[in-house]
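Residue numbers (our numbering), protein chains in the order written: chain A, 60 to 558; chain B, 111 to 206.
Below you'll find the structure, written out as structure tokens, and then a few comments.
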Amino acid sequence: MSVPMDARIEKTASEIAADVRARRLSAVEVTEATLAHVEAVDGLIGSYLTVLSDAAREHAARVDERIRNGESLSLAGVPLAVKDNMCLESTRTTCGSKILEHWIAPYTATAVARLLDAGAVPIGKANCDEFAMGSSCENSALGVTRNPYDTSRVPGGSSGGSAAAVAAYEAAIGLGSDTGGSIREPGAFCNLVGFKPTYGRVSRYGLIAFASSLDQIGPLARTVEDAALVYDAMAGYDPMDETSIERAVEPAAGALLDDLKGVRIGIVRDFDTGALGAELDALYRQAYRDLEQLGAELVEVTLPTADYGVPTYYLIAPAECSSNLARFDGVRYGLRVDGEDVQAMYDNTRAAGFGPEVKRRILIGTYALSSGYYDAYYVRAQKARTLIARDFERAFARCDLIACPAASCTAFEFAAKSDPYSMYLMDYYTIPMSLAGLPALSVPCGWSTPEGGAVPMPVGLQLCTPLFGERLLLGAAHAYERATRHASARKPLAQEARA
Amino acid sequence: MPTDTIDIRYVAKLARIALTDEEIEVFGRQLGDLLAHVNALSKLDTESVPATAQVVESRNVTREDVITPGLDRERVLAQAPQRQGNFFRVPRIIAE
């Protein structure tokens, strides 16, 4: 496939916004170029479930008008992909599920509204694993999304559509949601920065809930600076989400670092690195040395509960999901499949509306919360969660930042993980931070050709700080990105379609 | 931790999901596998550890009792699978 690239959409969000603000480029031009590119490539990549051509054009025209009226917009004209579990008023919002396939959102999520207010232009609603449950986008009931670096491979998940869109230049920035790794893993698989802020930093109002004590919205971007711009535009208290945090946000985009002098970086001794293989292990060791080269002091830290993250998560997240997804019952919105009485209608609607992974998790959660098992499973997992959070507190007494892998492999082929637990293990490195509520991101750290693979695939380094450490986190990631420039080594969409 | 086999039909009834015989077999097996993995948690000493429901500070949120506009009724009812006037219509709940 050879797609003629338009220089206007290869720019970063920061460059596009600067050009639009200076009126060197109009938001309408950027939008038209992006929509034309989506038209050319999305048949192959499948990033979007809904392309918002009309809404995008209207928003772009309004951005240009606001610029003419003298407004300064941090994301002026920047094309945005929105994961389809976030509401955008009057557009279809499906969660990648048949149960919401035709649902039209009656309001807009706060995070989305803040980005639009900052001048972003919504290009489309991006595919995801059904209700954000998955690590490959294969659990979407409504479409297949392919990795722009090798279309025989998955983009990661659950925010795989947003990641593929940004990687394939179908948007400059993407919104994802991360419950156990759903921004960081697709970020790593698609050569992007995938950033999950501290739990509660970004309002969840209008994000369709999966596991409410873990869900957090964050950006997928081609550079750390772009991720910081998105974060600055959307973070902060929202009265519509009582778990959102009332605490001043220190803007991160203006505080990006060029070196890591005086920063203590913890390398975790207890993470199992056996699944990485020699090549990835060597890549990560090189990444740690590169951090040291930038002036950081490396210290070994321990997280004795590292191996308990996945089992803890796969009780807590399904328990919360079984409760949250009870609202999809065929009564007020979404799919209804009739039955002879209301009970049969519930049973039939949920049987037809949910896919296998969602059913599996609802069943796990229902079981873990049911009478006789609540203390043995759910409460025990909540206690394990306390121990995991305490481990991080102890580790952060010795370091400012933790560095570790974002995933144990590069993007895998479709249908490679047919056993549910093997898919769950994809989040081994990302789940502990989610359980502790910590801000974490993945940043490109090199390329590796998977066994049987045709081309090298991107690898992501995960960085993590204590709660509310976003400024240092993004700052340090920027220093690393600037010094290593791994992301620009290869181009997406370079490969013949094999589909 | 419990080691009972899971009565998947009962769990599905609690979860309000109609399962096929094949799903009962597959999900029953997969849930058994998962529980074998999560049983690793019994190795942790959690006796005197408090449970964590939420990781960041939470507090009671109150606001003035002032009426603010909610979602437009017509817009919401337009999404109803079945409506009757200003109501959501559902199948029979109480048997005759």
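Every residue gets a Cβ at the ideal spot worked out from N, C-alpha and C, and that includes glycine.
For residue i, the three-state DSSP class (helix, strand or coil)
i: ASN206 (chain A); result: strand
i: GLU356 (chain A); result: strand
i: VAL502 (chain A); result: strand
i: LYS123 (chain B); result: helix
i: CYS380 (chain A); result: helix
i: ILE421 (chain A); result: helix
i: GLU472 (chain A); result: strand
i: LEU394 (chain A); result: coil
i: LEU374 (chain A); result: helix
i: ASP274 (chain A); result: coil
i: PHE330 (chain A); result: coil
i: ILE118 (chain B); result: helix
i: PRO363 (chain A); result: coil
i: GLN521 (chain A); result: strand
i: ARG557 (chain A); result: Bear in mind that a pLDDT of 38 at ARG557 (chain A), under 50, signals an unreliable position, so the number given afterwards is only what the model happens to contain. It is coil, neither helix nor strand.
i: ASP65 (chain A); result: coil
i: ASP237 (chain A); result: strand
i: ARG83 (chain A); result: coil
i: ARG212 (chain A); result: strand
i: TYR483 (chain A); result: helix
i: ASP291 (chain A); result: helix
Distance between residue j and residue i (C-alpha atoms, nearest Å)
i: ILE447 (chain A); j: ALA92 (chain A); result: 47 Å
i: ASN198 (chain A); j: GLU416 (chain A); result: 7 Å
i: THR71 (chain A); j: PRO515 (chain A); result: 23 Å
i: ASP459 (chain A); j: ARG419 (chain A); result: 38 Å
i: ASN186 (chain A); j: PRO245 (chain A); result: 12 Å
i: THR167 (chain A); j: CYS146 (chain A); result: 5 Å
i: LYS255 (chain A); j: VAL165 (chain B); result: 15 Å
i: ARG205 (chain A); j: ARG202 (chain B); result: 45 Å
i: PHE455 (chain A); j: GLY325 (chain A); result: 8 Å
i: THR257 (chain A); j: ARG409 (chain A); result: 33 Å
i: ARG444 (chain A); j: ALA161 (chain B); result: 7 Å
i: ILE68 (chain A); j: GLY220 (chain A); result: 18 Å
i: ALA120 (chain A); j: VAL79 (chain A); result: 12 Å
i: ARG439 (chain A); j: THR115 (chain B); result: 19 Å
i: ALA558 (chain A); j: SER271 (chain A); result: Confidence is the limiting factor: at ALA558 (chain A) the pLDDT is only 37, short of 50, which leaves the residue's position unreliable and the question unanswerable from this model.
i: ALA307 (chain A); j: ARG139 (chain B); result: 48 Å
i: SER547 (chain A); j: GLU284 (chain A); result: 15 Å
i: SER156 (chain A); j: CYS380 (chain A); result: 14 Å
i: SER152 (chain B); j: LYS442 (chain A); result: 11 Å
i: ALA77 (chain A); j: SER131 (chain A); result: 10 Å
i: ASN407 (chain A); j: PRO491 (chain A); result: 36 Å
Beta bridge counterpart(s) of residue i as assigned by DSSP
i: THR109 (chain A); result: A:LYS184
i: MET145 (chain A); result: A:LEU266
i: SER507 (chain A); result: A:MET516
i: GLU399 (chain A); result: Looking at the DSSP assignment, GLU399 (chain A) forms no beta bridge with any residue, so it has no partner.
i: ALA280 (chain A); result: A:ILE232, A:VAL252
i: GLY325 (chain A); result: A:VAL358, A:ILE461
i: PRO138 (chain A); result: A:VAL180
i: LEU193 (chain B); result: Before going further, note that residue 193 (chain B) is Arg rather than Leu in the sequence given. ARG193 (chain B) is bridged to B:PHE198.
i: ILE163 (chain A); result: A:ARG151
Cβ-Cβ distance between residue i and residue j below 8 Å
i: PRO525 (chain A); j: LEU500 (chain A); result: no
i: ALA231 (chain A); j: GLY253 (chain A); result: no
i: ALA188 (chain B); j: LEU422 (chain A); result: no
i: ARG386 (chain A); j: GLN192 (chain B); result: no
i: LEU108 (chain A); j: GLY202 (chain A); result: yes
i: GLY393 (chain A); j: GLU189 (chain A); result: no
i: LEU353 (chain A); j: ALA542 (chain A); result: yes
i: SER112 (chain A); j: GLU229 (chain A); result: no
i: ALA170 (chain A); j: VAL261 (chain A); result: yes
i: TYR405 (chain A); j: ARG126 (chain B); result: yes
i: ALA115 (chain A); j: PRO214 (chain A); result: no
i: HIS118 (chain A); j: LEU175 (chain A); result: yes
i: LYS184 (chain A); j: THR152 (chain A); result: yes
i: VAL502 (chain A); j: THR469 (chain A); result: no
i: GLU472 (chain A); j: ARG173 (chain A); result: no
i: TYR343 (chain A); j: LEU357 (chain A); result: no
i: LEU154 (chain B); j: TYR367 (chain A); result: yes
i: GLY239 (chain A); j: THR425 (chain A); result: no
Taking 8 Å as the threshold, find out whether the stretch 364-372 of chain A comes into contact with the stretch 146-161 of chain B through three or more Cβ pairs. yes
Can at least three beta-carbon pairs, one atom from the stretch 220-238 of chain A and one from the stretch 278-293 of chain A, be found at a separation below 8 Å? yes
Do three or more CB pairs link the stretch 130-141 of chain A to the stretch 78-92 of chain A at distances below 8 Å? With the cut-off at 8 Å, the stretch 130-141 of chain A and the stretch 78-92 of chain A touch.
Three or more C-beta pairs under 8 Å: does that hold for the stretch 310-329 of chain A against the stretch 524-540 of chain A? yes
Do the stretch 129-136 of chain B and the stretch 460-467 of chain A touch if we need at least three Cβ pairs shorter than 8 Å? no
Would the stretch 144-162 of chain A and the stretch 262-277 of chain A be scored as touching if the rule is three or more Cβ pairs under 8 Å? yes
Would you say the stretch 289-307 of chain A touches the stretch 325-335 of chain A, given that touching needs at least three Cβ pairs under 8 Å? no
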